[in-house]
Amino acid sequence: MFIGVAMEEFINIVCDNLGIDPPQIVREPDEVFPNDTMPAMLTQDGKKLGLRKNIGNEFDAYFSVAHELRHVWQINKKPYLLDGYRLREECYDLDEYCLQDAEIDANAYAAIVMTDLFRVKPLFQGYSERVKDAINIRIKEIIAGI
Numbered sequence: 459m460f461i462g463v464a465m466e467e468f469i470n471i472v473c474d475n476l477g478i479d480p481p482q483i484v485r486e487p488d489e490v491f492p493n494d495t496m497p498a499m500l501t502q503d504g505k506k507l508g509l510r511k512n513i514g515n516e517f518d519a520y521f522s523v524a525h526e527l528r529h530v531w532q533i534n535k536k537p538y539l540l541d542g543y544r545l546r547e548e549c550y551d552l553d554e555y556c557l558q559d560a561e562i563d564a565n566a567y568a569a570i571v572m573t574d575l576f577r578v579k580p581l582f583q584g585y586s587e588r589v590k591d592a593i594n595i596r597i598k599e600i601i602a603g604i
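Plus 458 on top of the position in the sequence shown (first one is 1) and you've got our numbering.
Here is the structure:
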């Protein structure tokens with residue numbers, strides 16, 4: 459834990475900020491994750507957050523957790539953001555997946571958390587300029603309270 463905040467404390471901070479109850483947290487073996495880079499995974503109902511036992515890059519893990527907790531918030535407070543939501547494997551390409559309202563919102567929120575708590579700005583490497591622009595617009599909207 460080189461960034462100075464225990465994951466459990468981080469989860470409580472983010473859940474408090476979002477006004478949601480923390481989901482059940484479960485440490486999962488690597489085999490349950492669909493790819494090697496995913497540090498956290500939420501069940502569809504938002505009740506369980508799986509964390510990779512070997513979490514890897516801590517900044518990625520904290521970003522991923524904030525992102526997934528924003529999905530819990532969406533489920534409970536803004537379910538319309540999930541209308542027509544498709545999993546990554548159901549989308550034609552990464553842009554189609556990332557440009558869904560729920561993903562733009564979750565990425566924007568997680569970016570704000572990382573900047574506010576850790577003073578780091580996610581680069582969204584591998585994302586198209588179109589996706590990055592959509593996330594940046596949503597960041598401004600969240601900050602403005604829209």
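By construction, the Cβ of each residue, glycine as well, lies at the ideal position given by its N, Cα and C atoms.
1) Is the CB-CB distance between residue 568 and residue 602 below 8 Å?
2) Quick one: what does DSSP say residue 566 is sitting in, helix, strand or coil?
3) Assuming the contact rule is C-beta atoms closer than 8 Å, residue 408 and residue 539 should be a hit. Round their C-beta distance to whole Å, please.
4) Going by DSSP, which residues form a beta bridge with residue 506?
5) Taking the alpha-carbon positions, what's the residue 516 to residue 577 distance?
6) Hey, how far is the Cα of residue 474 from the Cα of residue 466?
7) With C-beta atoms as the reference, is residue 570 less than 8 Å away from residue 533?
On the basis of the data shown:
1) Walking along the sequence shown from the start, residue 568 turns up at place 110. Walking along the sequence shown from the start, residue 602 turns up at place 144. Their beta carbons are not under 8 Å apart, which means residue 568 does not touch residue 602 by this criterion.
2) In the sequence shown, counting from the first residue as 1, residue 566 sits at position 108. Residue 566: helix per DSSP, three-state reduction.
3) This structure does not reach residue 408, given that the chain is present from 459 up to 604, and the question cannot be answered.
4) Along the sequence shown, one-based indexing puts residue 506 at 48. In the DSSP output, where bridge partners are listed per residue, residue 506 has 482.
5) Sequence index remark: in the sequence shown, residue 516 carries index 58 (1-based). Sequence index remark: in the sequence shown, residue 577 carries index 119 (1-based). When rounded, the distance between both Cα atoms is 14 Å.
6) Working through the sequence shown from its first residue, we reach residue 474 at position 16. Working through the sequence shown from its first residue, we reach residue 466 at position 8. Taking the straight line joining both Cα atoms gives about 12 Å.
7) One-based indexing of the sequence shown puts residue 570 at position 112. One-based indexing of the sequence shown puts residue 533 at position 75. It is not a contact, given that the beta carbons lie outside the stated cut-off.
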